[in-house]
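First residue of the sequence shown: 89, per this note's numbering; consecutive thereafter. Where is the CB? At the ideal position from N, CA and C, for every residue including glycine. Scroll down for the structure; my scribbles are underneath it.
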Amino acid sequence: MPLALLALAIGAFGIGTTEFVIMGLLPEVAGDFGVSIPTAGFLVTGYALGVMFGAPLMTVLGTKISRKRMLMLLMGLFIIGNLLSAVAPDFAVMLIGRVVASLAHGAFFGIGSVVAADLVAADKKAGAIAMMFTGLTVANVVGVPLGTLVGQSVGWRVTFAVVAALGVVGLVGIAELVPELPRAEGVRLRHELAAFKNAQVLLAMAMTVLGFGGVFAAITYIAPMMTHVAGFADGSVTWLLVLFGLGMIGGNLIGGKYADRALMPLLYVTLGALAVVLALFTLTAHHKVLAAVTIALIGALGFATVPPLQKRVLDQAHGASTLASAVNIGAFNLGNALSAWLGGLVIAAGLGYTAPNWVGAALAAAALVLAFVSAALERRAGSPSVNAPGTDAPGAVVTGATPTEHRTAVSH
Numbered sequence: 089m090p091l092a093l094l095a096l097a098i099g100a101f102g103i104g105t106t107e108f109v110i111m112g113l114l115p116e117v118a119g120d121f122g123v124s125i126p127t128a129g130f131l132v133t134g135y136a137l138g139v140m141f142g143a144p145l146m147t148v149l150g151t152k153i154s155r156k157r158m159l160m161l162l163m164g165l166f167i168i169g170n171l172l173s174a175v176a177p178d179f180a181v182m183l184i185g186r187v188v189a190s191l192a193h194g195a196f197f198g199i200g201s202v203v204a205a206d207l208v209a210a211d212k213k214a215g216a217i218a219m220m221f222t223g224l225t226v227a228n229v230v231g232v233p234l235g236t237l238v239g240q241s242v243g244w245r246v247t248f249a250v251v252a253a254l255g256v257v258g259l260v261g262i263a264e265l266v267p268e269l270p271r272a273e274g275v276r277l278r279h280e281l282a283a284f285k286n287a288q289v290l291l292a293m294a295m296t297v298l299g300f301g302g303v304f305a306a307i308t309y310i311a312p313m314m315t316h317v318a319g320f321a322d323g324s325v326t327w328l329l330v331l332f333g334l335g336m337i338g339g340n341l342i343g344g345k346y347a348d349r350a351l352m353p354l355l356y357v358t359l360g361a362l363a364v365v366l367a368l369f370t371l372t373a374h375h376k377v378l379a380a381v382t383i384a385l386i387g388a389l390g391f392a393t394v395p396p397l398q399k400r401v402l403d404q405a406h407g408a409s410t411l412a413s414a415v416n417i418g419a420f421n422l423g424n425a426l427s428a429w430l431g432g433l434v435i436a437a438g439l440g441y442t443a444p445n446w447v448g449a450a451l452a453a454a455a456l457v458l459a460f461v462s463a464a465l466e467r468r469a470g471s472p473s474v475n476a477p478g479t480d481a482p483g484a485v486v487t488g489a490t491p492t493e494h495r496t497a498v499s500h
């Protein structure tokens with residue numbers, strides 16, 4: 089495997105770390121700027137909205153210049169955004185920094201995956217993509233907990249400065265190690281937009297918003313919930329995030345394994361179980377051991393929905409999946425933004441730090457209802473959930489897909 093994959097993995101590690109580390113540092117950031125926890129939650133919402141709008145926009149813009157140059161530009165945005173966050177004099181500047189950093193997120197993973205595949209022989213493409221996305225996996229298990237620990241020990245600004253430094257390493261690595269590659273072919277927007285006329289595509293994206301949003305409703309406020317309700321010390325949030333990260337990895341592997349075999353039944357089980365576990369979290373959050381177990385389960389069940397949801401979009405887009413895949417990145421992050429905002433509302437209303445769990449349970453339950461509606465419409469139309477001719481077959485490289493999505497393709 090070429091060393092260029094290491095540079096891409098470092099970039100993925102930095103992006104994964106900056107996305108999730110803010111959740112463990114909300115109390116520190118809120119206290120420093122003198123804002124409430126719900127207000128600080130807008131740092132999660134802002135990042136998610138930036139990814140939602142930035143993923144398709146940057147993916148399309150990325151077809152106009154060389155892939156290497158686009159990757160360098162994206163890492164530049166990532167560095168600037170994190171530096172702004174690190175030196176922000178007030179909350180507004182911090183929020184701007186988060187949005188700027190988020191613009192790099194979706195397109196980096198989409199374009200980077202194509203580059204990774206182009207760097208190796210045909211029989212090694214899946215391994216190359218998997219190696220690149222190892223950076224995101226490691227970020228969730230190592231980068232986020234360590235970033236939280238650093239932020240709680242020596243200040244949250246140091247965490248974002250270190251993440252920006254990781255971006256510099258990734259940028260230099262891309263400049264030095266990634267070869268010049270041909271400019272990507274232009275996206276036929278009219279053809280790609282036609283996919284959004286398909287009700288099944290829209291239903292799948294709505295399930296993505298609601299299902300994954302259920303996870304973030306609880307996890308966004310995990311730090312105050314665990315310290316104020318469960319009674320954990322501030323430093324314990326670090327290993328709780330490790331448990332969440334391990335659950336994510338396990339859930340993603342399970343989802344990737346069974347999405348091809350029984351996609352809709354898998355969604356029924358995972359979304360239903362996720363709704364139940366999130367509702368129970370309102371009770372288990374008062375007990376340390378049960379809270380820790382529940383956090384791992386939320387990570388596992390939440391990320392077990394990702395492979396089947398992404399595959400559902402790709403299957404139903406029927407050969408126009410480039411933009412649909414990019415927009416589905418936005419759907420995941422729209423769910424993040426929506427749930428973080430709703431969770432902040434119920435906390436601000438005085439319902440307590442466990443109230444976002446009920447929000448998450450309701451969102452997951454709504455996604456389950458949409459899954460049944462989607463299946464019913466499909467039965468009525470008499471079209472099975474299989475890859476139609478011209479769709480992306482399992483294992484194909486899809487520009488604009490998230491790291492989780494590409495790990496799904498690899499697992500297939």
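Would DSSP call residue i helix, strand or coil?
i    : result
V256 : helix
P177 : coil
P90  : coil
R186 : helix
S154 : coil
T490 : Bear in mind that a pLDDT of 42 at T490, under 50, signals an unreliable position, so the model cannot answer this.
L326 : This sequence places Thr at residue 326; Leu is not what is there. Three-state DSSP puts T326 in a helix.
A437 : coil
A47  : Outside the displayed range of the chain (89 to 500) lies residue 47, so it cannot be described from this structure.
I400 : As written in the sequence, residue 400 is Arg, which differs from the Ile given in the question. It is helical.
G200 : helix
V364 : helix
Q348 : The sequence as given places Asp at residue 348; Gln does not occur at that position. Coil.
T479 : Annotation note: pLDDT 40 at T479 (below 50); position unreliable, coordinate value reported separately. Of the three classes helix, strand and coil, the one that applies to T479 here is coil, per DSSP.
Is the beta carbon of residue i sitting closer than 9 Å to the one on residue j?
i    : j    : result
I103 : L224 : yes
A128 : L114 : yes
G169 : G185 : yes
V325 : I307 : no
A452 : A443 : no
V250 : V238 : yes
M295 : S427 : no
T133 : W446 : no
S389 : G335 : The sequence given here places Leu at residue 389; Ser does not occur at that position. The answer is yes: Cβ separation under 9 Å.
G423 : G344 : no
D425 : A136 : It is worth fixing the name first, because residue 425 is Ala in this sequence and not Asp. Yes, the Cβ-Cβ distance between A425 and A136 is below 9 Å.
I262 : A92  : yes
Can you tell me where the alpha helix (DSSP H) with residue i in it begins and where it stops?
i    : result
P267 : Run containing P267: none; DSSP gives neither H nor E here.
V139 : 130-149
F460 : 443-469
I232 : In the sequence under discussion, the amino acid at residue 232 is Val, which differs from the Ile named in the question. Note, V232: alpha helix (DSSP H), 232-242.
K376 : 376-392
F300 : 287-307
V505 : What the structure shows of the chain is the stretch from 89 to 500, and residue 505 is not part of that stretch, so it cannot be assessed.
Any idea if residue i is buried or exposed, counting beta-carbon neighbours within 10 angstroms, 16 or more meaning buried?
i    : result
D178 : exposed
K399 : buried
G323 : exposed
K156 : buried
V330 : buried
I153 : exposed
L465 : exposed
G138 : buried
G142 : buried
Check whether the Cβ of residue i lies closer than 9 Å to any Cβ atom in chain B.
i    : result
T358 : Structure shown: chain B not included; a single protein chain is present.
Next on the checklist: Could you tell me which whole alpha helix (DSSP H) segments of length 4 or greater appear in the segment 103-129?
Outcome noted: 125-128
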